[in-house]
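Here's the structure we're looking at; comments come further down.
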Amino acid sequence: AAAVDAGVFGAALAVWRAVARLEGREEAASTPAASLVFRAIGKRGGRGHSFTSDEAKRAAKAGLTEATGLQGSSDKCAAPLDVLAQVHCNRFWLGLRLNRSPLDQRPPTRTTATASSATATSATS
């Protein structure tokens with residue numbers, strides 16, 4: 066928990082707020098840090114671990130709460146901020162999910178669709 070640098074976490078939170086505003090989630094983006102609630106998501110990979118994915122998420126939640134004062138929740142609706150806790154073999158990393166839904170499940174934007182059409186047209190010409 067002590068390894069969570071307040072300045073780095075504050076900068077990551079600022080990026081998260083900017084993305085939330087771009088997605089139209091102004092209420093979440095403007096929530097004061099002292100009132101912000103997060104949800105730990107993630108999984109464990111590799112072999113030989115004596116703990117489950119849920120135990121890893123609970124440990125990440127406890128550590129982040131201790132280091133930042135933010136409160137964790139298991140309620141998806143109550144927690145606008147998702148913290149991703151990943152364990153693989155002997156490595157662990159913690160990150161903020163910037164977008165609410167996976168990018169590959171979103172409809173293409175006009176710019177993306179136009180660029181894809183132009184690429185497809187030039188490839189067939």
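This note's numbering puts the first residue of the sequence shown at 66, with every later residue one more than the last.
We treat Cβ as the ideally placed atom computed from N, Cα and C, and that holds for glycine.
Alpha carbon to alpha carbon, how far is R165 from G107?
14 Å
Is DSSP giving G134 helix, strand or coil here?
coil
For the ligand FAD, I want to know if D70 counts as a neighbour, meaning its beta carbon is within less than 7 Å of at least one of the ligand's heavy atoms.
No copy of the ligand FAD appears in this structure; indeed no ligand is present at all.
What's the gap between the Cα of D147 and the Cα of H114?
24 Å
Could you compute how far the alpha carbon of G70 sits from the alpha carbon of K141?
At residue 70 the sequence reads Asp, which differs from the Gly that was named. Roughly 26 Å separates the two Cα atoms.
Limits of the beta strand (DSSP E) - the one that G113 falls within
No beta strand (DSSP E) holds G113; DSSP gives it neither H nor E.
Distance, Cα to Cα, N155 vs A143?
32 Å
Quick one: residues in its chain with C-beta nearer than 6 Å to the C-beta of K122, no 5 flanking neighbours on either side, listed in chain order?
A105, G107, A150
Three-state secondary structure assigned by DSSP to F103
strand
Taking only the alpha-carbon atoms, compute the straight-line gap between E92 and G137 and give it to the nearest angstrom.
18 Å
E92 at chain B interface by Cβ criterion, 8 Å
As a matter of chain content, chain B is missing from the structure shown, which is built from one protein chain.
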